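First the structure, in the form of C-alpha cells, and then the observations on it.
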Amino acid sequence: MSDGPGTTDWRLAVDIGGTFTDVVLLDAASGDVVVDKTLTTPSNPLDGVRTGVGQLLERAGVTPADVTAPIVHATTLITNALIEGKTGRAGLVTTQGFGDTLLIRDEHRYDMYDLQIEFPAPPIARDRTVEIAERTAATGDVVLAPTTEAMQAVADELRALNVESVGICLLNSYVDSTNERALAAFLESDLGVPVCISADVSPQIREYPRMVTTACNAATMPVIGPYLDELQKWLSNEGFGGSVLMMLSNGGVVAADDAARVPIRLVESGPAAGALAGKWFADRLGEDRLLCFDMGGTTAKACLIDGGEPELTNVFEVARAYRFKKGSGFPVSVPSIDLVEIGAGGGSLAWVDQFGLLKVGPESSGAEPGPASYGRGGTIPAVTDADVVLGLLDPAAFLGGDMPLDGGAASDAAARVGESLDLDAVSVAAGIHEIVNENMAAAARMHAVEQGVDLRGVSMIAFGGAGPVHACGVAELLESDRVIFPVNASVLSAFGTLVSPVRIDLARSMPRRLDALDAGERSALLDDLRNEGRRVLAAAGASADAVRFRYGIDCRYAGQGNEVTVWVGEGDDWPVTDAAVLDAFETEYKRIFGLAIPGVPVEIVTWRLAVSADAEQVAPEPVPTGAGADPMTSRPMVFGRGTDPIDAPVYRRSDLGGGATFDGPCVVEERETTAVIRPGWSVEVGADGSLVATLTNQNGAAS
Numbered sequence: 044m045s046d047g048p049g050t051t052d053w054r055l056a057v058d059i060g061g062t063f064t065d066v067v068l069l070d071a072a073s074g075d076v077v078v079d080k081t082l083t084t085p086s087n088p089l090d091g092v093r094t095g096v097g098q099l100l101e102r103a104g105v106t107p108a109d110v111t112a113p114i115v116h117a118t119t120l121i122t123n124a125l126i127e128g129k130t131g132r133a134g135l136v137t138t139q140g141f142g143d144t145l146l147i148r149d150e151h152r153y154d155m156y157d158l159q160i161e162f163p164a165p166p167i168a169r170d171r172t173v174e175i176a177e178r179t180a181a182t183g184d185v186v187l188a189p190t191t192e193a194m195q196a197v198a199d200e201l202r203a204l205n206v207e208s209v210g211i212c213l214l215n216s217y218v219d220s221t222n223e224r225a226l227a228a229f230l231e232s233d234l235g236v237p238v239c240i241s242a243d244v245s246p247q248i249r250e251y252p253r254m255v256t257t258a259c260n261a262a263t264m265p266v267i268g269p270y271l272d273e274l275q276k277w278l279s280n281e282g283f284g285g286s287v288l289m290m291l292s293n294g295g296v297v298a299a300d301d302a303a304r305v306p307i308r309l310v311e312s313g314p315a316a317g318a319l320a321g322k323w324f325a326d327r328l329g330e331d332r333l334l335c336f337d338m339g340g341t342t343a344k345a346c347l348i349d350g351g352e353p354e355l356t357n358v359f360e361v362a363r364a365y366r367f368k369k370g371s372g373f374p375v376s377v378p379s380i381d382l383v384e385i386g387a388g389g390g391s392l393a394w395v396d397q398f399g400l401l402k403v404g405p406e407s408s409g410a411e412p413g414p415a416s417y418g419r420g421g422t423i424p425a426v427t428d429a430d431v432v433l434g435l436l437d438p439a440a441f442l443g444g445d446m447p448l449d450g451g452a453a454s455d456a457a458a459r460v461g462e463s464l465d466l467d468a469v470s471v472a473a474g475i476h477e478i479v480n481e482n483m484a485a486a487a488r489m490h491a492v493e494q495g496v497d498l499r500g501v502s503m504i505a506f507g508g509a510g511p512v513h514a515c516g517v518a519e520l521l522e523s524d525r526v527i528f529p530v531n532a533s534v535l536s537a538f539g540t541l542v543s544p545v546r547i548d549l550a551r552s553m554p555r556r557l558d559a560l561d562a563g564e565r566s567a568l569l570d571d572l573r574n575e576g577r578r579v580l581a582a583a584g585a586s587a588d589a590v591r592f593r594y595g596i597d598c599r600y601a602g603q604g605n606e607v608t609v610w611v612g613e614g615d616d617w618p619v620t621d622a623a624v625l626d627a628f629e630t631e632y633k634r635i636f637g638l639a640i641p642g643v644p645v646e647i648v649t650w651r652l653a654v655s656a657d658a659e660q661v662a663p664e665p666v667p668t669g670a671g672a673d674p675m676t677s678r679p680m681v682f683g684r685g686t687d688p689i690d691a692p693v694y695r696r697s698d699l700g701g702g703a704t705f706d707g708p709c710v711v712e713e714r715e716t717t718a719v720i721r722p723g724w725s726v727e728v729g730a731d732g733s734l735v736a737t738l739t740n741q742n743g744a745a746s
C-alpha cells in the first residue's frame with residue numbers, strides 16, 4: 044500500500060476468457076482503476092495477454108517496473124482444454140486390475156431411459172493406461188510394494204507411448220501414499236516429464252472421482268505448465284517486479300508453481316473471480332443476498348451470494364456430454380464456488396432446429412471468427428449481432444471505437460436465418476435476444492432452486508461484456524426489481540482477482556466413527572494439512588501470522604452411502620468437542636432432510652481444511668456528485684419482439700455524477716460495455732459510480 048501522498052501501488056490482473064482477454068490495473072493507494080479488453084488468441088493465449096497488457100500500460104502511462112505487486116491471473120484454459128479435448132498426451136498408471144475404471148465410471152446412468160447414452164471420452168485414453176502390480180489395503184497397510192523391475196517396465200511402456208505427463212492413481216492411496224510416491228519419484232527421474240499422484244491431487248475415498256480428477260490434472264499439466272513458464276519469462280523480460288498468482292476455483296489465489304502442479308484446481312478460475320467480485324460488492328452495498336450475473340462472449344454464469352458469501356461445492360462437473368444433465372461429465376473432486384454456467388454469451392450462435400424453431404447456443408463463435416459483425420469471417424448470427432440489429436449496441440462505439448462492428452453483416456446474418464422462418468432481420472434479432480434471456484433466467488432459477496432459494500425480489504449485479512446488455516431483461520423474468528451495474532462491469536472478473544484472498548482448500552479421507560475417534564490420528568492428519576496449507580500460502584506471499592484455518596467434515600450416519608459437509612469452526616487447533624460435532628451434523632442434516640435419526644452413530648468420512656489469508660482492502664474513490672444526466676445522443680432501439688422502435692437516449696457513463704437519476708428506455712455506454720435500461724426501469728447513480736436500476740413500472744417493462 045501507499046507510504047505517503049503521491050505514491051502509487053499498482054496491481055495488475057489478467058482474465059483470459061473464451062472471447063476476450065480482460066486486463067485491469069489498480070492503484071491500491073488511490074483506488075484508481077484502468078481497464079482494457081482485447082480478443083483472446085486461442086492458438087497462443089499469451090499473444091492476447093501481451094497485447095492487452097501493453098495497451099493497458101500505455102493508456103495508464105505506467106511502466107512494467109511500476110508494477111511490483113504480484114500479478115493475479117484467472118483463465119479458462121483448463122476448462123476449455125477439457126471441454127474441447129485439447130489436452131496434453133498424458134499417461135495413467137493404476138493398480139493391476141483397475142485399468143478400466145475411467146471407462147466403467149461409477150456405473151451411474153444420468154438418463155436411465157436413453158438407449159444411446161453418451162459420456163465424454165476419458166481424459167486419458169485406455170491405450171495410455173498402464174497397470175502395475177502393487178497393493179495397499181483399505182487399512183493403509185502396504186500389502187505389496189512395486190518392485191524396481193515393475194516400475195521400470197511401466198516407465199518403458201510410457202516412454203514408448205510418448206507421454207508428456209503422467210498421473211498415478213493407485214488403490215487406497217488416500218490412506219497411505221507410500222507406493223504412489225515411490226512410483227512417482229521413479230517415473231520423474233526416468234521419464235523427465237511432469238508426474239502427479241492422487242494422494243496430492245484428491246486424497247479422498249471413492250475410486251472413480253479420485254482417478255478422473257487425477258487424470259484430468261495430468262492431462263492439463265502440459266497445457267498450463269508451458270504457458271505459465273512463458274508468461275513468467277515474458278513478465279521478467281519486460282521488467283515487471285511482481286510474481287504471478289493464479290485464481291483457483293474456490294475463490295482463492297496461490298503461487299503459479301502450485302497451480303502448475305495441480306491445474307485441475309483452476310477449472311472454474313475465471314467465474315470464481317467474478318463471484319468474489321460480487322461478494323466484494325455485496326459487502327460494500329450491505330446486500331446479504333445478491334445474484335451475480337456474468338455474461339461474457341462465450342458463456343453466462345450465475346452465482347448466488349447468500350449470507351454475504353458464495354456457496355462452495357466439493358465436486359464440480361466439467362465437460363458434460365449434455366450441458367444440463369448432471370452426471371454426463373467428469374466429476375472432479377476440487378472445491379469450487381457453486382455456480383451455474385450456460386452456453387449463452389455474446390458469441391452464442393442462433394440456428395433453426397428440425398421443427399422450425401429458433402434456438403440459441405450452446406455453440407459459440409468464440410474469438411475466431413467471432414460474431415458476423417466482427418468482420419472476421421463469421422456468417423451465422425450471434426447474440427451480439429442481434430443486439431446490434433436491435434440498436435442496443437452502437438457498432439461505431441464498440442470497445443470505444445477501437446473495434447468497430449459491421450452492422451450490415453449482422454443484419455444480413457439475421458436475415459438469412461429469417462428466410463426459413465419467414466421473418467425479417469429485426470424479428471429474428473428480437474427472437475434471439477428474448478430466447479437467450481429466457482435460457483439464462485431458467486438456468487439461474489434452477490441454480491437457486493437447488494440451493495432452496497427463491498430469486499423473486501433478490502437484487503442482481505450484472506457484469507461481463509454482455510451482462511449489462513441483457514441484465515434488465517433477465518431480471519424481469521426472475522421477478523427481480525433491482526439491478527446493479529458496477530463501474531468497469533465488463534472486466535469485473537479480472538478485478539475480482541485483486542480483491543480475492545490467498546486461499547487453498549485441502550481434504551483427506553479418513554473414515555472414522557465419531558464415538559470411536561482417536562484424537563491422535565485426527566491431530567496427525569490435520570497437522571499434515573495445516574503444514575501443506577502454510578507452505579502454499581507462504582509461496583503466495585502470505586505472512587505466517589495472517590494465516591487462518593477453518594475446519595470441516597464430510598459425515599453421515601453409519602451405513603449411509605453419501606455424506607453432508609459441515610463446517611465446525613476456526614483456530615490453530617481442532618476447535619470443537621465431539622458433542623459439538625454431533626450437534627452441528629444433526630442441525631445440518633435436519634436442514635437438508637427435515638429430520639435427524641436418533642440412536643444411529645455418526646461416521647466422519649473426509650476431513651477438510653480451508654487455509655486463507657485476507658486480501659488487502661481496496662477502496663476506490665467516490666465519483667464526483669452534481670453532474671447531470673444529459674444524454675449525448677439518441678437512436679432507434681427495439682426492446683421487444685413485435686414492438687416498434689423507440690428513439691431512446693444514449694448516456695455516456697463518464698458524464699454521470701453520483702446522485703444523478705434518469706428513466707428508461709435508454710442505454711448507458713462506456714468503452715467496454717453498454718448498460719441497457721429497459722422501459723419501466725429508473726436509474727440512480729451511486730456514490731461509487733454504480734448504476735442502480737429499479738423496476739418502477741411492470742407494465743412498461745412488459746411492453
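Each residue of the sequence shown is one higher than the one before, starting from 44 at the first, in our numbering.
Ideal Cβ placement from N, Cα and C applies to all residues, glycine included.
Everything numeric in this text was worked out from a predicted model, so none of it was measured.
Run through DSSP, which three-state label would M194 get? Translated into positions along the sequence shown, residue 194 becomes position 151. M194: helix per DSSP, three-state reduction.
Checklist entry - Apart from the five residues on each side of it in sequence, which residues of its chain come closer than 7 Å, Cβ to Cβ, to R152? => result Counting from 1 along the sequence shown, the entry for residue 152 is found at position 109. These residues qualify, in order along the chain: I160.
What is the C-beta distance between D58 and T540, in whole angstroms, given that I count them as a contact (C-beta under 8 Å)?
Here residue 58 refers to the residue found at position 15 when the sequence shown is read from its first residue. Here residue 540 refers to the residue found at position 497 when the sequence shown is read from its first residue. Confirmed, about 7 Å.
Closer than 7 Å to a non-hydrogen atom of the ligand MG - does that hold for the CB of L521? Summarising the ligand content, the structure contains no ligands, and the ligand MG is consequently not present.
If you run the structure through DSSP and keep just helix, strand and coil, what is P306?
-> If you number the sequence shown from 1, residue 306 lands on position 263. The answer is helix: DSSP assigns P306 an H, G or I state.
Going by C-alpha distance, which of M675, G685, T704 and P708 is nearest A691? The sequence position of residue 691 within the sequence shown is 648, counting from 1. Taking only the C-alpha atoms, the option nearest A691 is P708.
State the DSSP-derived secondary structure class of A298, mapped to helix, strand or coil. In the sequence shown, residue 298 corresponds to position 255, counting from 1. A298: strand per DSSP, three-state reduction.
| Which runs of the beta strand (DSSP E), 3 residues or longer, sit entirely within the segment 297-376? | 332-338, 343-349, 359-361 and 373-375
Separation of G584 from D272, as counted between CA atoms: Sequence index remark: in the sequence shown, residue 272 carries index 229 (1-based). Sequence index remark: in the sequence shown, residue 584 carries index 541 (1-based). Taking the straight line from one Cα to the other gives about 19 Å.
Notebook entry, point to check: When DSSP labels each residue in this structure, what does L738 get in the three-state scheme?
Noted result: Translated into positions along the sequence shown, residue 738 becomes position 695. Strand, per DSSP.
| Where P306 and A193 are concerned, what is the direct C-alpha to C-alpha distance, given to the nearest angstrom? | Working through the sequence shown from its first residue, we reach residue 306 at position 263. Working through the sequence shown from its first residue, we reach residue 193 at position 150. Distance between the alpha carbons of P306 and A193 is about 29 Å.
Handout entry: Stretch-stretch touch, CB-based, cutoff 8 Å, three pairs: the segment 262-270 with the segment 177-195
Key = no
Near G729, what residues of its chain come up, given a Cβ to Cβ distance below 6 Å and the 5 sequence neighbours on each side ignored?
-> As a working mapping, residue 729 is identified with position 686 in the sequence shown. The answer, listed in chain order, is V735.
Quiz item: In three-state DSSP terms, what is M44?
Solution: In the sequence shown, the residue the question calls residue 44 occupies position 1. Per-residue confidence for M44 stands at a pLDDT of 36, beneath the threshold of 50, marking its modelled position as unreliable; no derived number is given.
Check your understanding: Roughly how many whole angstroms lie between the Cα atoms of D326 and V542?
Key -> As a position in the sequence shown, residue 326 is number 283, starting the count at 1. As a position in the sequence shown, residue 542 is number 499, starting the count at 1. Cα-Cα distance, rounded: 12 Å.
Starting from Y251 and walking both ways along the alpha helix (DSSP H), at which residues does that stretch end? Locating residue 251 in the sequence shown gives position 208, where the first residue counts as 1. It spans E250 to E281 - the alpha helix (DSSP H) in which Y251 sits, taken as one unbroken run.
- Query: Can you list the alpha helix (DSSP H) stretches of 4 or more residues lying completely in the segment 491-556, in chain order?
  - Reply: 510-521 and 535-541
### Message
Could you check whether the segment 218-232 touches the segment 254-262, counting it as contact only if at least three pairs of C-beta atoms, one from each stretch, sit closer than 8 Å?
### Response
no
### Query
In terms of residue numbering, what span does the alpha helix (DSSP H) encompassing Y632 cover?
In the sequence shown, the residue the question calls residue 632 occupies position 589. Residues D621 to F636.
S45 versus A72 - alpha carbon distance
Sequence index remark: in the sequence shown, residue 45 carries index 2 (1-based). Sequence index remark: in the sequence shown, residue 72 carries index 29 (1-based). Because S45 carries a pLDDT of 39, less than 50, the predicted location of this residue cannot be relied on, and the following value inherits that uncertainty. Taking the straight line from one Cα to the other gives about 5 Å.
Quiz item: Is the segment 647-655 touching the segment 576-596 in the sense that three or more CB pairs, one from each, lie closer than 8 Å?
Solution: yes
For the putative contact between S416 and A453, defined by C-beta atoms under 8 Å, what is the C-beta separation to the nearest angstrom? In the sequence shown, the residue the question calls residue 416 occupies position 373. In the sequence shown, the residue the question calls residue 453 occupies position 410. About 4 Å; that satisfies the 8 Å criterion.
- Item | Cross-strand partners of P722 (DSSP beta bridge) | On the sequence shown, residue 722 is found 679 positions in, with the first residue counted as 1. Its beta-bridge partners do not exist; DSSP assigns none.
Q: Given a cut-off of 8 Å, decide if I167 and A261 are closer than it, judged by their beta-carbon atoms.
A: Numbered from 1 along the sequence shown, position 218 holds the residue referred to as residue 261. Numbered from 1 along the sequence shown, position 124 holds the residue referred to as residue 167. A contact, by the Cβ cut-off of 8 Å.
Looking only at its own chain, which residues have a Cβ that is under 6 Å from the Cβ of I240, when we skip the five neighbours before and after it?
-> Your numbering for residue 240 matches position 197 in the sequence shown. Counting only Cβ-Cβ distances below 6 Å, and skipping sequence neighbours, we find I211, E223 and A227.
- Query: Hey, would you say L521 sits closer than 8 Å to A484, going by beta carbons?
  - Reply: Counting from one through the sequence shown, the residue named residue 521 turns up at place 478. Counting from one through the sequence shown, the residue named residue 484 turns up at place 441. Result yes, Cβ atoms of L521 and A484 sit closer than 8 Å.
When you compare the CB positions of V711 and C515, do they come within less than 8 Å of one another, or not?
Taking the sequence shown and counting its residues from 1, the one referred to as residue 711 is at position 668. Taking the sequence shown and counting its residues from 1, the one referred to as residue 515 is at position 472. No, these two residues do not count as a Cβ contact at 8 Å.
With P807 and Y694 assumed to form a contact (beta carbons below 8 Å), what rounded beta-carbon distance in angstroms separates them? It is not possible to answer for residue 807, since the shown part of the chain is limited to 44 through 746.
According to DSSP, is I423 part of a helix, a strand, or is it coil? Taking the first residue of the sequence shown as position 1, residue 423 is located at position 380. Looking at I423 - three-state DSSP - the assignment turns out to be coil, as it is neither helix nor strand.
With distance defined between alpha-carbon atoms, name the residue in V77, T64, D219 and V512 nearest to N531. Translated into the one-based positions of the sequence shown, residue 531 becomes position 488. Of the candidates V77, T64, D219 and V512, the one whose C-alpha sits nearest the C-alpha of N531 is V77.
Is the beta carbon of A582 sitting closer than 8 Å to the one on D301? The residue labelled residue 582 in the question sits at position 539 within the sequence shown. The residue labelled residue 301 in the question sits at position 258 within the sequence shown. Yes, the pair counts as a contact, with Cβ atoms nearer than the cut-off.
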